[in-house]
Amino acid sequence: MMQNRSFKEYVTNRFYNELFNAVSSYLEQNHRDLDVSSHLVRTIDGAELSDIDIKSVFVDSLPGMKIEFDVLLEAEFEISETDRHTDRYDQKRRWFKVTCSGDLSCNLADFAINATEEYDYRSKQDNPMSDSLVPIIHKEQLESVAKAFLEKYYQEALYNPMPIDPMVLTERMGLSIQLKNITSDFSTFGQVFFADCVTEYYDKESSSFKKIQVKSGTILVDPDAYFLRNLGSVNNTIIHECVHWDKHRKAFELERLYNENATQIKCLVVGGIKDNKGKSANDWMEWQANALAPRIQMPAEPFKVKAKEYIIRFMRETNARHTIEVMEQVITALETDFGVSRQAAKIRLVELGFEEAIGTYTYLDGRYVKPHGFRKGAIKVNQTFSLSAQDAALERFFNPELRALTDSGDYLFIDNHYVYNAPLYVQPGENGKLDLTGYARSHMDECCLVFDMTITSKVADKYYTACFLNREPSDITFEIKYHNGYQNAPQERQVAMRKKYQAEAIEIRKQMTDDPEQCMELLLKWRDMNYTDLGSEIDRDPKTISRTVKGETTPKVETAALICFGLHLPPVISEKLMTVLQCPLNPMNSNHQWINEALHVKYPEPLWAVQEYLYQYGVEI
């Protein structure tokens, strides 16, 4: 890990005398032209420098390891006027700009001062660098920087969609690759060396670290990366290190000026970096390498051309009506064409404006959520329609607005989404289990609630926005919050139908008394069922149900819940029936909590689907 080094500090310590002499010479030669005023000195006959204070150093990166830099300094000097009668003196301060250059490959042994002048304006650097000699690259420049990288090393990839062969790239850059286990725990799977040195690698056979001689320009890649990850991720690792070599050698050489034993940048190739506040030099280098590597692997123009080509082709071949229906096929094809990981292809599509990709390959509750789409711009990258059952339950418990929407039965939790309970959006699917309609999956903004995501795990500071798109199994944990007030209204007809059904349920609820038998007769009639039908639905003896209702046996909470699920009772009715059957749900009992959750968001589902939902949380009914 490199420390935060300051080029300004280094210049101050090493070249103070040279800079002092340069300003002193300038004052000696140009004292009559100084832009200073004085009440004591009318005509400046001389100027003598007493001290300089270096304020800033602005660095411009030149080809190779050369740099040019403007040193802005404040000079303290004495001006004087001499005549036949007396000498007059005055103390003055003035800013100067000293333009310097040097080659980092020779430790600035060729340091030269090219110009000295009174500071009027700051020169604009063509390739500006930070005080740590890390290139200054803004987010909006990433595409052009990646393009320039390819123009330099891999031009053909700009004109023809193709995978970037890391072996070809490293050869063109004068680098070499060695396969070695870097750590025992696979925490580091790529590193590049900027100087000849002896380093350690992990020998699996002896379970110990051993030393190896490596040359400058060597990239170590953990061979287990090929087995524990995928080829796309390995390619990304190597290209990531190539970016370090191309962009960060000068930062490394600055480190070497402070620490001659420095040899490498060691990094975890896992994602982006922390927020914009307080980034270290290492943070910036990692951000740049992480951001540029996929843009190099998937250059914007050929990638977009290929994506559009696949969308048209797959929609024609499958007779798809919506882009989202073929987006997984598109991602798979692009993954192969460009030699990247599936998630990298997905994220790149979203970056380039294909928002339909957001709803693909989201992994929740041990499975992939079905693809879904929405109106362009309907949600932000850190927002989602998809959440785990546990997050859904927690949010419903803590958020009264969300709870109100589900207590009324207006929204059901189906396929990891809170979806509006109307026929246009919800339909019986396989084996009678409720599913989102094709229309709903293509119009999620119209029928599903939106949630905000924030990263809460210990690695949060190492990830950037695109991480939200990559919700596969990982060490990353997200906090999900209901985006109160952010809700796209379902179509009027669906709302009207839902209100009609809700009014019917409320009317039934009004007719319910505290008599269990009266309640059951009312509900069975409403559902056009009898005890035999209900018994068959919930796999219970009809006589046992009847005895329970009559109070001849003490009902269990699970049995009462079964009756509610068998009758598909909306929350406003099931809550009353549970009370009438003397089976209140204890909010301090985790099993009861999950039963309550299912009664609110799963009640229209067939019983087997409800049982499947509850079973994953250890609840059996």
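Residue numbering for the sequence shown follows the working numbering, starting at 96 and increasing by one per position.
For each residue, glycine too, the CB sits at the ideal point set by N, CA and C.
Chain-order list of residues whose beta-carbon lies under 7 angstroms from that of residue i (same chain, five-residue window excluded)
i      : result
LYS299 : ASN276
ILE419 : GLU451, GLY454, PRO466, HIS467, GLY468, ARG536, SER537
GLN308 : VAL293
PHE172 : LEU122, ALA142, GLU143, LEU144, SER145, LYS187
GLU238 : ARG390, ALA395
ALA117 : VAL193, ILE208, THR211
ILE406 : THR418, VAL421, VAL425
CYS543 : PHE480, HIS512, TYR513, VAL514
THR648 : ARG642
ARG344 : MET160, PHE289
ASN202 : LEU352
SER279 : TYR297
heavy atom of the ligand COA below 7 angstroms from residue i C-beta
i      : result
SER302 : The ligand COA is not part of this structure, which contains no ligands at all.
Residue burial classification, residue i (beta-carbon count within 10 angstroms, cutoff 16)
i      : result
ALA499 : exposed
LEU144 : buried
LYS553 : For LYS553, the pLDDT reaches just 48, beneath the cut-off of 50, and the residue's location in the model is therefore unreliable, leaving the point undetermined.
TRP703 : exposed
GLY448 : exposed
GLN438 : buried
GLN424 : buried
LYS342 : buried
VAL675 : buried
PHE493 : exposed
CYS659 : buried
TYR111 : exposed
PRO611 : buried
ARG491 : buried
PRO650 : buried
ALA598 : exposed
LYS441 : buried
SER436 : buried
GLY527 : exposed
LEU135 : exposed
PRO261 : buried
Beta-carbon contacts of residue i that lie in its chain and below 6 angstroms, excluding the five residues immediately before and after
i      : result
TYR712 : TRP689
THR138 : GLU176
ASP178 : none
PRO258 : PHE433, GLY434
MET615 : VAL644
LEU714 : Strictly speaking, residue 714 in this sequence is Val, with Leu absent from that position. Contacts found: ASN686, TRP689.
ASP317 : ASN276, ILE277, PHE284
MET410 : VAL421
ILE716 : GLU653, ALA656, LEU657
Spatial neighbours of residue i in its chain, beta-carbon cut-off 8 angstroms, leaving aside the 5 residues before and after
i      : result
MET64  : Residue 64 is absent from the model: the chain starts at 96 and stops at 716.
GLU244 : Reading off the sequence shown, one finds Phe at residue 244, where the question assumed Glu. Contacts found: VAL338, ASP341, LEU387, ILE391.
ALA600 : GLY504, PRO665, VAL667, ILE668
ASN681 : HIS687
LEU157 : GLU163, SER196, ASN222
Cβ-Cβ separation, residue j to residue i (assumed contact under 8 angstroms), whole Å
i      : j      : result
ARG100 : SER196 : Not a contact, Cβ separation roughly 20 angstroms.
TYR698 : SER669 : 7 angstroms
TRP340 : VAL263 : Rounded, the Cβ-Cβ distance is 15 angstroms, inconsistent with contact.
MET422 : VAL229 : Their Cβ separation, rounded to whole angstroms, is 37 angstroms, which puts MET422 and VAL229 out of contact at 8 angstroms.
VAL131 : ARG189 : 6 angstroms
ASP547 : LYS576 : 5 angstroms
LEU129 : LYS150 : At roughly 19 angstroms, the Cβ-Cβ gap does not stay under 8 angstroms, so LEU129 and LYS150 are not in contact.
LEU507 : LEU529 : 7 angstroms
PHE191 : VAL154 : Rounded, the Cβ-Cβ distance is 18 angstroms, inconsistent with contact.
PRO256 : LYS401 : 4 angstroms
ILE603 : LEU619 : At roughly 12 angstroms, the Cβ-Cβ gap does not stay under 8 angstroms, so ILE603 and LEU619 are not in contact.
Bridge partner(s) assigned by DSSP for residue i
i      : result
ASP530 : GLN522
GLN186 : GLU173
SER132 : In the DSSP output, where bridge partners are listed per residue, SER132 has none listed.
GLY197 : ILE162
HIS512 : ILE509
VAL154 : PHE164, MET224
CYS543 : VAL514
MET548 : ILE575
PHE191 : LEU168, GLU213
ASP148 : GLU169
GLU113 : Note: GLU113 sits in no beta bridge, so no partner.
LEU274 : VAL316
(request) Starting from the N-terminal side, write out each stretch of the beta strand (DSSP E) that is 3 residues or longer and does not extend beyond the stretch 654-697. (result) none
(request) Starting from the N-terminal side, write out each stretch of the alpha helix (DSSP H) that is 4 residues or longer and does not extend beyond the stretch 389-457. (result) Uninterrupted alpha helix (DSSP H) stretches at least 4 residues long and entirely within the stretch 389-457 occur at 395-413, 422-433, 437-446, given in chain order.
(message) Suppose only complete runs of 3+ residues qualify. What are the beta strand (DSSP E) ranges in the stretch 201-272, listed by chain order?
(response) 207-213
(request) Taking only runs that begin and end inside the stretch 283-352, name each unbroken alpha helix (DSSP H) of 4 or more residues, in chain order. (result) 320-323
(request) At 3 residues or longer, and completely inside the stretch 456-501: list those beta strand (DSSP E) runs for me, N to C. (result) 457-459, 462-464
(message) Just to confirm the assignment: which complete beta strand (DSSP E) runs, minimum length 3, are found wholly within the stretch 612-652?
(response) none
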